[in-house]
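Number of protein chains: 2
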Amino acid sequence: MSLGEFDLIERVRRFADHPAALGLADDAALLDGLVITHDSIAEGVHFLPADPPASVGWKLVAVNLSDLAAKGANPLAALLSLTIAGDGEWEELFLGGIEAACESYGLALIGGDTISLPADSARVLGMTAIGRAGEAMPKRSGGRLGDKLWLVGNVGDSAAGLAQLIADPRAVGPLVDIYRRPIPLIALGKLLAPHANAMMDVSDGLLIDAARLARASGCAARIDLDAISLSEPFRDLRGDGLEERMFAATGGDDYALLAALPPGLDAALILSSLSPPSLACVGTLRAGQGISLVGDGGRAIELPEHLGHEHRGISGSPVADRP
Amino acid sequence: MSLGEFDLIERVRRFADHPAALGLADDAALLDGLVITHDSIAEGVHFLPADPPASVGWKLVAVNLSDLAAKGANPLAALLSLTIAGDGEWEELFLGGIEAACESYGLALIGGDTISLPADSARVLGMTAIGRAGEAMPKRSGGRLGDKLWLVGNVGDSAAGLAQLIADPRAVGPLVDIYRRPIPLIALGKLLAPHANAMMDVSDGLLIDAARLARASGCAARIDLDAISLSEPFRDLRGDGLEERMFAATGGDDYALLAALPPGLDAALILSSLSPPSLACVGTLRAGQGISLVGDGGRAIELPEHLGHEHRGISGSPVADRP
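Protein sequence lines, in the order shown, are assigned to chains E and W.
Numbering (the working numbering) for the first sequence: 13 to 335.
Numbering (the working numbering) for the second sequence: 13 to 335.
Laid out in structure tokens, this is it:
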């Protein structure tokens with residue numbers, strides 16, 4: 013008997029039947045009005061051994077906060093799972109990044125655990141983040157037929173920055189900065205949550221995450237690649253043709269938000285007080301299942317082999333598999 | 013600059029100043045009436061690569077539940093941090109152990125994360141456990157001068173079982189069972205909590221944990237090695253002389269509870285409805301600092317070089333350093 017990651021999660025789902033688990037369909041649980049999420053990152057899988065330790069600390073906080081943002085929750089507290097490999101200098105710098113991110117977003121570190129690792133083991137760092145639920149918490153499964161899919165924040169920047177670093181470890185610039193110090197969209201998530209039928213953060217790639225939202229909501233998703241907004245640094249470096257848009261839509265590590273809004277609602281109006289970094293209506297929830305793409309002015313586009321990263325590991329790893 | 017584990021925890025303490033953190037002096041945080049703890053275990057440090065995966069799963073739940081027991085909390089929910097190394101068969105069996113322990117203690121699995129590891133990395137498995145606080149939550153720091161130190165549950169069994177396994181990987185018997193399937197003392201902890209000035213679970217060794225409780229409470233601790241109750245299987249295998257008592261008092265991995273009670277209170281009466289597996293008054297909180305030992309009928313005993321395991325890692329690892 014041999015089980016892949018997907019099967020293992022199904023195995024867990026069999027006994028994770030408490031209402032607070034939300035069927036494990038979301039990246040967070042809801043218990044006593046608290047939104048609770050846990051994300052771990054492993055060296056060589058989710059970050060590069062040569063990444064500055066402070067940026068790895070920042071990223072661990074950001075990846076958890078992005079899950080809270082997608083549920084419209086207010087950051088409250090976190091527990092850190094710290095492993096020590098070596099002499100502790102790396103970890104000291106890593107903690108500086110944790111502290112900076114926690115202070116930036118009002119997340120209080122209230123506990124955790126510190127353990128040492130055997131020699132030559134990859135660092136594994138984890139965080140449990142806890143937020144206060146807002147007036148409404150959009151689940152991944154609440155999308156309805158006809159809902160418009162809104163993308164808040166750019167996609168592709170982090171994957172492009174990572175590709176730069178893999179080509180040249182000394183690479184610098186705005187895309188490398190975004191790969192290393194992503195910004196979780198907490199305030200935008202809180203503003204959007206009461207209006208969204210469904211919401212999630214885009215962490216594994218827009219296409220795979222849109223497919224997940226659609227599946228959880230019992231719908232199909234159509235995504236218009238032309239509608240995806242690309243950042244200026246991304247366009248300057250890679251261009252904005254169909255191939256580059258596909259790269260951006262499958263790259264992952266994005267910290268953007270994907271929200272399903274009723275067709276009559278305009279996300280730009282809802283978010284107007286915050287001037288979001290970028291906002292686009294990129295698709296629709298339709299009858300059926302699966303995901304379909306259009307691009308090049310409405311032409312049907314074939315799905316790529318990989319829609320994104322499966323569970324940030326195994327079949328596709330942002331760090332290990334990137335070109 | 014190079015920091016050890018202790019320094020790193022001090023580094024974290026500098027910014028973990030939220031009241032819910034309890035100064036990081038306890039193994040748990042208290043937020044909104046919820047007691048929250050996180051413990052991770054690493055292959056080759058906290059468990060043997062050859063340990064049955066289901067028992068590793070059981071143990072990860074038990075180590076977290078033991079922290080809840082020490083705070084008198086009612087188990088409520090947990091998030092699992094699962095890493096996948098290899099083909100998933102090990103993890104499938106591991107999840108069976110998680111499920112068995114969660115069901116045994118009414119702990120609902122409500123979320124978590126699954127990531128893959130690079131090849132040849134040690135498995136790192138983590139759990140955040142959440143309990144409902146009872147009417148009173150004893151902190152580690154609440155002990156007072158003159159308090160009696162009560163030990164609930166035996167010490168030394170798990171360390172003795174591990175020593176058997178290291179000598180012979182095919183070893184079986186009650187001590188191996190206790191090493192593999194420890195029992196967190198949830199019901200006893202709940203009963204004791206309202207009466208205890210301070211309480212913690214003994215996980216790194218009775219002596220080091222008693223020293224920690226005393227330090228947090230601004231006292232010294234005196235422990236009477238003669239008073240420590242040893243299990244029948246332990247005595248049958250190793251005897252009950254001073255050397256064996258020292259082994260039991262420093263072995264760690266015990267899942268016992270150590271409570272500071274006012275001198276007028278008898279823990280046996282408080283716990284009489286539950287017939288605890290073993291219960292002994294093993295010491296006193298006194299003026300001063302540090303820990304002192306008596307044994308062999310009240311004779312002063314020199315402190316051993318290691319009082320237990322420092323933070324379950326680095327300077328002393330239950331698995332890696334055991335004779």
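By construction, the Cβ of each residue, glycine as well, lies at the ideal position given by its N, Cα and C atoms.
Return yes when the Cβ of Gly165(E) is within less than 8 angstroms of the Cβ of Pro87(E), no when it is not.
-> no
Glu111(W), DSSP secondary structure in three states | Glu111(W) falls in the helix class under three-state DSSP.
Coarse secondary structure for Met212(E), derived from DSSP in three states | strand
With DSSP run on the structure shown, which of helix, strand or coil describes Ala28(W)?
-> coil
Residue range of the beta strand (DSSP E) that includes Val306(E) = Gly302 to Gly307
What is the DSSP secondary structure of Arg247(E), counted as helix, strand or coil?
-> Three-state DSSP puts Arg247(E) in a helix.
Closer than 7 angstroms at the beta carbon, the chain W residues around Asp51(E) = Asp125
Note the first and the last residue of the continuous beta strand (DSSP E) segment covering Asn86(W).
-> Asn86 to Ile96
Hey, quick one: how far does the alpha helix (DSSP H) through Ala81(E) stretch, first residue to last?
-> Pro65 to Ala82
Cβ neighbours of Thr95(W) in the same chain (closer than 6 angstroms, five flanking residues each side left out) | Ile127, Leu129, Arg135 and Val136
Check whether the Cβ of Ile282(E) lies closer than 8 angstroms to any Cβ atom in chain W.
-> no
Beta-carbon of Thr95(W) versus every beta-carbon of chain E: anything under 8 angstroms?
-> Interface with chain E (8 angstroms Cβ-Cβ cutoff): Thr95(W) is included.
Own chain residues within Cβ distance below 6 angstroms of Ala145(E), not counting five before or after | Gly45, Val47 and Ala85, listed in sequence order.
Using beta-carbon positions only, say whether Ser215(W) and Gly264(W) come within less than 8 angstroms of one another.
-> yes
In its own chain, which residues sit with a C-beta less than 8 angstroms from the C-beta of Asp378(E), not counting the 5 before and 5 after it?
-> Outside the displayed range of chain E (13 to 335) lies residue 378(E), so it cannot be described from this structure.
Rounded to whole angstroms, what's the CA-CA distance from Ala74(W) to Cys114(W)? Just pull it up for me.
-> When rounded, the distance between both Cα atoms is 9 angstroms.
Heavy atom of the ligand SAM less than 7 angstroms from the Cβ of Asp236(W), yes or no?
-> Questions concerning the ligand SAM fall outside what the structure shown contains, since it holds no ligand whatsoever.
Using a Cβ cut-off of 8 angstroms (strictly closer), state whether Pro130(W) contacts chain E.
-> yes
Is the Cβ-Cβ distance between Gly124(E) and Leu91(E) less than 8 angstroms?
-> With respect to Leu91(E), Gly124(E) sits close: the two C-beta atoms are nearer than 8 angstroms.
Does any C-beta atom of chain W lie closer than 8 angstroms to the C-beta of Gly138(E)?
-> yes
Proximity of Leu237(W) and Leu254(W) at Cβ, strictly below 8 angstroms = yes
What do you reckon, are the CB atoms on Ile240(W) and Ala279(W) nearer than 8 angstroms?
-> no
Would you mind reading off the limits of the beta strand (DSSP E) that contains Lys160(E)?
-> Here the beta strand (DSSP E) through Lys160(E) covers Lys160 to Val164.
Same chain, Cβ closer than 6 angstroms to Asp38(W), neighbours up to 5 away in sequence not counted = Lys151 and Arg152
What residues in its chain sit with their C-beta under 8 angstroms from that of Gly138(W), if we drop five residues either side in the sequence?
-> His50, Asp51, Ser52, Ile53, Leu72, Leu92 and Ser93
When Gly295(E), Gln301(E), Ala299(E) and His318(E) are compared against Gly307(E), the one with the closest alpha-carbon = Proximity to Gly307(E) across Gly295(E), Gln301(E), Ala299(E) and His318(E) peaks at Gly295(E), based on C-alpha coordinates.
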